[in-house]
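Protein chains in written order, with the numbering used here: chain P, 178 to 1052; chain X, 178 to 1052.
Positions of the beta carbon are idealized from the N, C-alpha and C atoms, including for glycine.
Please read all numbers here as calculations on a predicted model, not as lab measurements.
Read through the structure below, which is laid out as structure tokens, and then see the notes.
Protein chains: 2
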Amino acid sequence: MRKYVYLFSEGNKDMKNLLGGKGANLAEMMNMKINVPQGFTVTTEACNLYYQENKTLNKNIQKQIKQKIKKIESLTHKNFGSTKNPLLLSVRSGARASMPGMMDTILNLGLNDDVASSFAQATNNPRFVYDSYRRLIMMYADVVKGLDKSVFEQFLTKYKDQKNVAGDLDLTSDDMLLITREFKNIYYQNLKEEFPQDPYEQLYNAVSAVFESWNNDRAIYYRKMNNIPNSWGTAVNVQEMVYGNIGKNSGTGVAFSRNPATGENEVYGEYLINAQGEDVVAGIRTPQPIAKLKEELPKIYEEFTKIAKRLEKHYKDMQDMEFTIENGRLYMLQTRNGKRTATAALKVAVDMVQEGLITKEQALLNIDPNIIDQLLHPVFDKNVLATKKVIAQGLAASPGAASGKIYFNADDCIKASKNGEKTVLVRLETSPEDIEGVSFAQGILTIHGGMTSHAAVVARGMGKCCVSGASELLIDEQNKVLKSSDKEFKQGDYISLDGSTGKIYEGQIPYQENQKSKEFITLMKWADEVSTMKVRANAETVKDAKNALEFGAKGIGLCRTEHMFFASERIFHLRQMILAQNTEQRNKALKKLIAYQIKDMEDLFRIMSPNPVVIRYLDPPLHEFLPKTKEEKKQLAESLNLSLKEVEQRCDELKEFNPMMGHRGCRLDITYPEIAKMQTTAVITAAINVKREGYNVHPEIMIPLVVDVNELKYVKEIIETTAQEVMQQLNCSVKYLIGTMIESPRACLISQDLAKNAEFFSFGTNDLTQLTYGFSRDDSAKFLNDYYVKNILLKDPFVSIDTEGVGKLMKLAIQNAKKANPNIELGICGEHAAEKESINFCNQLNLDYISCSPYRIYNARLAVAQAAIKNGRNL
Amino acid sequence: MRKYVYLFSEGNKDMKNLLGGKGANLAEMMNMKINVPQGFTVTTEACNLYYQENKTLNKNIQKQIKQKIKKIESLTHKNFGSTKNPLLLSVRSGARASMPGMMDTILNLGLNDDVASSFAQATNNPRFVYDSYRRLIMMYADVVKGLDKSVFEQFLTKYKDQKNVAGDLDLTSDDMLLITREFKNIYYQNLKEEFPQDPYEQLYNAVSAVFESWNNDRAIYYRKMNNIPNSWGTAVNVQEMVYGNIGKNSGTGVAFSRNPATGENEVYGEYLINAQGEDVVAGIRTPQPIAKLKEELPKIYEEFTKIAKRLEKHYKDMQDMEFTIENGRLYMLQTRNGKRTATAALKVAVDMVQEGLITKEQALLNIDPNIIDQLLHPVFDKNVLATKKVIAQGLAASPGAASGKIYFNADDCIKASKNGEKTVLVRLETSPEDIEGVSFAQGILTIHGGMTSHAAVVARGMGKCCVSGASELLIDEQNKVLKSSDKEFKQGDYISLDGSTGKIYEGQIPYQENQKSKEFITLMKWADEVSTMKVRANAETVKDAKNALEFGAKGIGLCRTEHMFFASERIFHLRQMILAQNTEQRNKALKKLIAYQIKDMEDLFRIMSPNPVVIRYLDPPLHEFLPKTKEEKKQLAESLNLSLKEVEQRCDELKEFNPMMGHRGCRLDITYPEIAKMQTTAVITAAINVKREGYNVHPEIMIPLVVDVNELKYVKEIIETTAQEVMQQLNCSVKYLIGTMIESPRACLISQDLAKNAEFFSFGTNDLTQLTYGFSRDDSAKFLNDYYVKNILLKDPFVSIDTEGVGKLMKLAIQNAKKANPNIELGICGEHAAEKESINFCNQLNLDYISCSPYRIYNARLAVAQAAIKNGRNL
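Right under this line is the structure:
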């Protein structure tokens, strides 16, 4: 029979998957002979079984729980449900990953009328006993029966008002007895049943309720945000109660072994005398800073700081601990690696290396790459933030803070920004044409779209704050009005976005700038020392390229040339090119574009010298560039000697049912070889010009969306011929590579043929994921939510590479490509290239580099180092 | 040095890839000691080299040609370019596959002024010599220099008018001399150069010109229609001229060893006395039936019929031959397996088995499955057809003939059809909602869309004539006008479509019905005897199911349940279901739908008993079903207690950027489990009802578009629970299978997991091809044309399975699936399942069955037999 219940003494810190984080750490502390109240853990497997068996706690598990209770009884010399020396219990959730506050807790379980009455007599402390009992009734009603706490709290407030007392501590034992009675009444009135007197009934229901809380709304949401699979389940910890509310010599507290905000090496935390655990967190009474404990209970303080250091040394990380003092005796109730700000994380890690506590590699592994973002994006002034009203919750699509006047289209936004206004661009969803508006705005808010929507991708690429998918809001783009449930915002009204939480605030909020600390610089140096993959940037503009270099990029891994054509004078010629009726007209428009392209390329080559620059040729479906307004169409028609109707007709013709799978990528070069010719002329001319200035240039030309070797050969031929011509004309030669993006399943399947004709591959995992799943990135957000809720997908495949499907194709592609061309250079340039698990996978695939948006380069550098360390270990 | 030129004596019939069909067969006849004029073949490899080297015939090939000319000179005792006993040559194309009339020919090459003059003296037949010379000038000008024949022909007509003579035979030798002179003048005036006098210049240019003709528009079009790769290239046959135009004892003819129209075992053909080859085909003089030769030149007739029988026996197939009689001596100029009507093909094959000439297997292999279509679809009365004007050429999307009044939307078309009119539905492109209109119409014409467009697929599925992509025509759907270059057609005007040629005719044309012959029945019996895969049908309606059974289907392999909801009263409830705002409303609508679904399923189960019926659950993106007109929206809004605006908003919300990759397939069941529940209730209820009537039912429930094993498990769970409930309720059990469609790359990659949870797989190769390539089937026609022209794609992957990419995924999927579940049933239900090469590939993959539209079942049965024979040989 499978074991579903473990005594703390049977576990250890490495059993988190089974016992949850809290349970494993309680076990570990017990092993370390730290004073921990006795108890046991009901496993995560029991939780999954609970759901499999239609939400019932089966007899077998109940039996195992009962056995462990017996064990605890003999260890503590207390008896569960007994009127003499009763064993009271706490029941707490504890998942594999910490999910603070997301799930439920019940304290003082085991009390009933009889037990309370005799326990009050025995302890001679009826105030404490009935305080405990009334808390149990309220928590049980809330957690097990779903009866909101507020009905109890309302009564309590009223009672205190009537008695004219300020706080709970002013209530007497008689008050507590009375309150307990009234709580039982409230329980009965609302639930039409008596509060259960059978302690085992209380216990089994409490365990079940904690399992239930795994699937409450906020837990589901938290897991989704933090990429925690629903399938993990939670464990439940059942533990002997110790009482911080037994008198002046008792108390409870929460503390960190170092300062979680700054990283300073000092115990940091809060405590309350004569209180139970949740009082500290609940904010009913104002807790004292831990330093005060030194004065109040110096021995306890000393003991606690010793334990804190010991635990820190043992776990090799800053600890976040809960403790209770019962009649002058210190009990540890929890320890875990503490959450901290990005600043603190860096300081703690670097300090610990310098203290000899951990190695550089451990320091690198201890830091979550995602928090690095916090160091680069401005944040709101926290004091002001707390006073502001949240008008809606969207998705935290791109971190940072943005406060500004709202505008409903790119043009208005640009105009206002140029006039010196701080702006926020608000759109139903963005299109590639909005890109200039995005670059001017402080932040972007979209009503539709997920974490990987166009707006989100572009914003992250620019390091710009973005909140997407704020579907609670209504937008009327035509009349320029944004509506929340109770208010309308017009053009020019202020709102503020927090891209790290997805919250949208009314009004303006001032920023605070984040500064890079010396610890940050040290850590990044360590990271680069151990890395095996290079980090390049996705960048097209001078600003992005300069940033990329400053952030430590070793070249550009993806220059999306189409982004270079969005400025208004350029897009006009691009449109002329698209609507050209013959090769002649097309060439005329291309000639106009080539001058811009040469200038852009020269800039990038200069900035990036001597690093490589990967230039991806025109990729998106042409209709994305088409004129939207009648005015634009008219102007275009005139320039092409066409009627407005003809332009409209041609625009209609270019519309596609499924543009993602339509006329785009190298398909454009095959229909219009002039495009590849123009782009090659620009790249090679720019390279030669810049080389002559004395720079070291390494252009790598990348052909997008190849699905057949003949496409690659055809475009390659154009590139080689054109490059040859340009070099002859300019009487100068320059080295360049030709490669292809691997972004369709077929490209992976025929990689051997492709590798014979390419000097490098770059995996475009965005499109590869779309095609492997058949998930349109623009549409799937609508239904994927149900996939997470129903445990069908555990992770968003657009965020973290799907190793079973997409990853299998990548592996296949690399194996076969290496057979044909062992020296082929391999990279990745999709959105995944900044996500730590994906980076780790890429490292396992032995990619040469990853390429991500400039603002995620620090993040990626750290993740690349972590991957090298982890995979190095496995070798 | 590679050999690019082969004497006929150096080749044989198995060297078609290198020598082309004509060259290989000339070599074979020479080996058989049949009287063939001497000559040689320039290989297809030389053609490919010609294109690789920028359209030049390199020195090495020229040298090899010259060497062979020397050889021919010594064999024939004639000299090329000599004034005495000159060797004259014919230069003819000859590709691997016969492409009749698509490429160019030049006769009488080697003549110049000097040669002609002395040859005229030597033969004492100046009329013949100058007749030959003037033909050479015209053909050379046309083929090598691109000067249209008409300028010569116009002069000839004028000349004959002036001389008041009826035919060429009435022209004297003086006339011919004069005409030759004038042809040279015309040549000079138009081309600003003299007709070349150097025979080798003539020859090299002629060979080059034939290579060039490989890429003329009609050849490219022909190849595309017939799936012939551009990369094959053509060979060129250079052959000693023999003269059918030397006098009354000479002549030329074309004949078949059997009647190509009926298959009767009798020599069938035509000849002309005193004429050169092209005269027979060109229709300038009316040729005599071959039977007349028996009277006119009995010995020659006897010799020819003997050769015909000998060749037929040798090639084991009906032969199509060209011959020339020169001064009473018979020369064979060509033999090849003859093209024939479907009727003839069957009769010839079956007769030859009965004559002991070939085995049943050979008979089966001799018939192209595609021609079977001709036997099932009505055809136009050929005599009337010839008198009708072609108004445009579209794609031959679905064979058959349709004549009717045009209507521009489904409603008008249905109304008119119900009034007894014959109708043709004309649309810019069709949408799934047009399906009822399609079923009422005689045929469908679309302006957009390729061979695999929605209209084409649906039409083939129904065995309905369809011409798609008729882009020469303009359509104004609103004003109900169709415009050709010179005429307008209004609603109610007659047009006629030939779905086998893609031609669109003005007016009405009467039909002829095709009848199934006894040979047809015999052949199909033989086919089934050797087959290893079963053939099922894609069918939803009673009519289709009955047809499928009659045509020999062994069950239904794909019942697309969404098709069952398009009828107007049903789609209303479907729309209610889609727009339902909560589960309650959705269930209410589903309840309405379930009654229809049960009835439909009962019908199919009854018809198909005891064969299996695969029922695919709702698949397409929901927005495909949404109301289009305001009226429909209003009605829907009322029924759902919504405002019109709300309905419009909801419809907008359902719009997707890439619906092919959007909210469809099992994704619908995951969002709305009620749908799977309703469909299961219907399937199981119907199965039980019909079982109780005594039928043998085998429902196979198929879950579409699975990409993750958890999707499959989730929907399977719903199906199993629901089925269990229904069976308990009705107190009767029924066996059923649950399987999944494999139509995404990821499904192939995780097939091992899927196979553990499925009893069958059916490959949906349409979507699998779309996703593997990233080609949207609805959009790719626009750019794929360039892919064919530029030799990038050799075959349409939507027509024939791409074995390198899609096929590799299928293979992988099967290998891994069999590991997990060795008994899993494997089928295919995409459009590919009726295409012979794809069927052959499926046979190699050991699929259990293929499933295609009812009207392609005969075709598929034959292809399945051929695959079994071919793959059996390999074992």
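Bridge partners - residue i, DSSP secondary structure assignment
| i | result |
| --- | --- |
| D291 of chain P | Bridge partners of D291 of chain P: none, in fact. |
| I878 of chain X | X:I792, X:I915 |
Classification of residue i by the beta-carbon crowding that lies within 10 angstroms, buried from 16 upward
| i | result |
| --- | --- |
| R179 of chain X | exposed |
| K893 of chain P | buried |
| G1004 of chain X | buried |
| Q531 of chain X | exposed |
| Y584 of chain X | buried |
| L1052 of chain P | Per-residue confidence for L1052 of chain P stands at a pLDDT of 41, beneath the threshold of 50, marking its modelled position as unreliable; the derived number appears in the next sentence. So L1052 of chain P ends up on the exposed side. |
| P687 of chain X | exposed |
| T898 of chain P | exposed |
| P999 of chain P | exposed |
| I698 of chain P | exposed |
| S309 of chain X | buried |
| Y365 of chain X | exposed |
| S575 of chain X | buried |
| V719 of chain P | exposed |
Three-state secondary structure assigned by DSSP to residue i
| i | result |
| --- | --- |
| S745 of chain P | helix |
| D721 of chain P | helix |
| C925 of chain P | helix |
| E727 of chain P | helix |
| I652 of chain P | strand |
| V712 of chain P | strand |
| G734 of chain X | strand |
| A647 of chain X | coil |
| A1045 of chain P | helix |
| I450 of chain X | strand |
Own chain partners of residue i with C-beta closer than 6 Å, once the 5 adjacent residues on each side are dropped
| i | result |
| --- | --- |
| A1044 of chain X | I1016, N1017, N1020 |
| I621 of chain X | L602, V615, A632, A636, C643 |
| K599 of chain X | G581, Q619 |
| P836 of chain P | P798 |
| D846 of chain X | I852, A853, V892 |
| L945 of chain P | E920, V983 |
Same chain, Cβ closer than 7 Å to residue i, neighbours up to 5 away in sequence not counted
| i | result |
| --- | --- |
| I1046 of chain P | E538, L541, L542, V707 |
8 Å Cβ shell around residue i - same chain, five flanking residues per side excluded
| i | result |
| --- | --- |
| Y964 of chain P | L970 |
### Message
Quick check on the DSSP output: what are the complete beta strand (DSSP E) runs of length 3 or more inside the segment 961-1037 of chain X, in order along the chain?
### Response
1002-1005, 1026-1029
#### Entry: Within the segment 503-576 of chain X, ranges of the alpha helix (DSSP H) (whole runs, at least 4 residues)
519-531, 537-543, 549-553, 559-563
### Start-end ranges of the beta strand (DSSP E) lying completely within the segment 246-284 of chain P, minimum 3 residues
266-272
### Task
Would you mind listing the alpha helix (DSSP H) stretches within the segment 363-429 of chain P that are 4+ residues and don't spill past its ends, in chain order?
376-390, 394-402
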